[in-house]
Amino acid sequence: MARNPGRPLSPHLTIWKWGPHMLVSILHRATGVALATGGAMLFTWWLSAIASGPDAYASFSRYVIDAEGSGGLAMFTTLLAKVAAVGLTWAFFQHMATGIRHLVLDLGAGYELKTNRTFARLTMVASTLLTLILWIWAWRN
Amino acid sequence: MGTGTNIGRVRGLGSAHHGAMHWWRQRLTAGGNIVTMVWFVVSLFRLPSLDHASVVTWLQSPFNAVMMLLLVGSVFYHFRLGLQTVIEDYQHEGSRFVAIVLLNFYTIALAAIAVFSILKIAFGAA
C-alpha cells in the first residue's frame, strides 16, 4: 500500500527516520562517555605529570604536546594526541551544548517539533564553530 | 515483605525518598561543570606556554588551585552519575554489579590522583 509521506510514522523498532534530535541525543551520550574515559584520563595524567616534576612533565610533553624533533614514536603519539585533543574539545562543546539543551527541556520548554529540531541543529553548529574558533586562535598564538 | 515477585517484595513499602537524588545531582553538577570547565578551557588556552614552569606557576595561585579542586569534584561526580546511567541501560544482573563497582573504583582512584596532584603543586612541592 502506498504510504502518504506527509503522515507521521508510527513508533516502531525498525521503521523510523533519523532526525537531528535523535542524533544529538545519542551524541550527548557518546561524547559524555568519551570525555569521562579519554578526557578524564588525559586530564589526570597531565596533572600527575606536572606534580611529578619537570623531568616527568618533559616526558609527558614529548609524547603528548610537542615531540620537539625527538624520535618517530613521539612524532606519531603527539600527532595522535592532537587529533584526540581536537576531538575532545569538540566532544566537550557538543556535550555542553546538548547539556544546556537538556536543561531547557527539563524546564518543559522547547518540545514543539520545529523549535526542538532547530535547537538540536544549533548545538552541532555551536560545537563545531567553537572548536574551530578555539583551535584557530590557539594555532595563531 | 514476601519473597515472591519483585513487585510483591516492594509493594506497600512506600517511596525510598531518594528517587530524584541522582537526577537532581546530575543537573547540579552540570551547572558546576559549565562554570569550572569554561574557566579551565579559557585559562588553558590563555597560558603563554604549556611548559612545566608556566603550568606550575598558574596552579600555585590559590584561586586557580581551588577552582581546579572544585572542577574535579563537580566533573568527576557528574561523569560517575552519567556512566552509571549508561551502565544501567545496557548491563543487567551480575555484569551490572561488576561494572558499577569498577566505575566507583575508576572514579575514586582518578579523583584521588587528581586532587593529590593539585595539592602537591599548589603547596609548592612540584
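In order, the protein sequence lines correspond to chains A and B. Letter by letter, the first sequence follows residues 1 to 141 in our numbering. Letter by letter, the second sequence follows residues 1001 to 1126 in our numbering. Note that beta-carbon positions come from the ideal geometry of N, C-alpha and C, so glycine has one too. This one's a predicted model, so the numbers in the text were calculated from it and none came from an experiment.
Check                                                                                                                             : Outcome
Backbone CA spacing between Gly1122/B and Thr37/A [nearest angstrom]                                                              : For clarity, residue 1122/B is Ala in the given sequence; the question names Gly instead. About 26 Å.
CB contact check: Trp139/A to chain B, cutoff 8 Å                                                                                 : no
Contact check, Ile65/A vs Thr78/A, beta carbons under 8 Å                                                                         : yes
Exposure label - His1018/B; buried when at least 16 CB within 10 Å                                                                : exposed
Rounded straight-line distance, which links the Cα of Ser1095/B to that of Pro8/A                                                 : 39 Å
Min CB distance Ile133/A to chain B below 8 Å                                                                                     : no
Closest Cα partner of Trp1023/B within the set Thr1085/B, Val1072/B, Ile1007/B                                                    : Thr1085/B
Short CB-CB distance (under 8 Å) between Ile50/A and chain B                                                                      : yes
CB contact flag (Ala97/A, Ala1126/B, <8 Å)                                                                                        : no
Own chain residues within Cβ distance below 7 Å of Val1056/B, not counting five before or after                                   : Ile1121, Ala1126
Cβ of Thr128/A within 8 Å of any chain B Cβ                                                                                       : no
Helix, strand or coil at Pro1062/B according to DSSP, with G and I counted as helix                                               : helix
Given Arg1080/B as reference, the closest of Ala40/A, Leu47/A, His12/A, Ser48/A once Cα atoms are compared                        : Ala40/A
Short CB-CB distance (under 8 Å) between Gly99/A and chain B                                                                      : yes
Sufficient close CB pairs (3 or more, under 8 Å) joining the segment 1042 to 1057 of chain B to the segment 108 to 115 of chain A : no
Interface positions of the segment 18 to 44 of chain A facing chain B (Cβ-Cβ less than 9 Å), listed along the chain               : Arg29, Gly32, Val33, Leu35, Ala36, Thr37, Gly39, Ala40, Met41, Phe43, Thr44
Chain C contact for Phe92/A (CB, 8 Å cutoff)                                                                                      : In the displayed structure, chain C is absent; the protein chains listed are A and B.
Backbone CA spacing between Ser1049/B and Gly110/A [nearest angstrom]                                                             : 42 Å
Own chain residues within Cβ distance below 7 Å of Ala49/A, not counting five before or after                                     : Ala56, Tyr57, Phe60
Own chain partners of Gln1091/B with C-beta closer than 7 Å, once the 5 adjacent residues on each side are dropped                : Ala1099
Cα-Cα separation between Phe119/A and Leu132/A, rounded to whole angstroms                                                        : 20 Å
Beta-carbon contacts of Thr31/A that lie in its chain and below 7 Å, excluding the five residues immediately before and after     : Ala91, Gln94, His95
Segments of 3+ residues assigned as beta strand (DSSP E) that fall wholly inside the segment 60 to 122 of chain A                 : none
Ile1113/B versus Val104/A - alpha carbon distance                                                                                 : 35 Å
CB contact check: Ser1117/B to chain A, cutoff 8 Å                                                                                : yes
Short CB-CB distance (under 8 Å) between Phe1123/B and chain A                                                                    : no
Beta-carbon neighbours of Pro54/A, restricted to chain B and to distances below 7 Å                                               : His1052
Leu23/A versus Leu88/A: straight-line alpha-carbon distance, rounded                                                              : 18 Å
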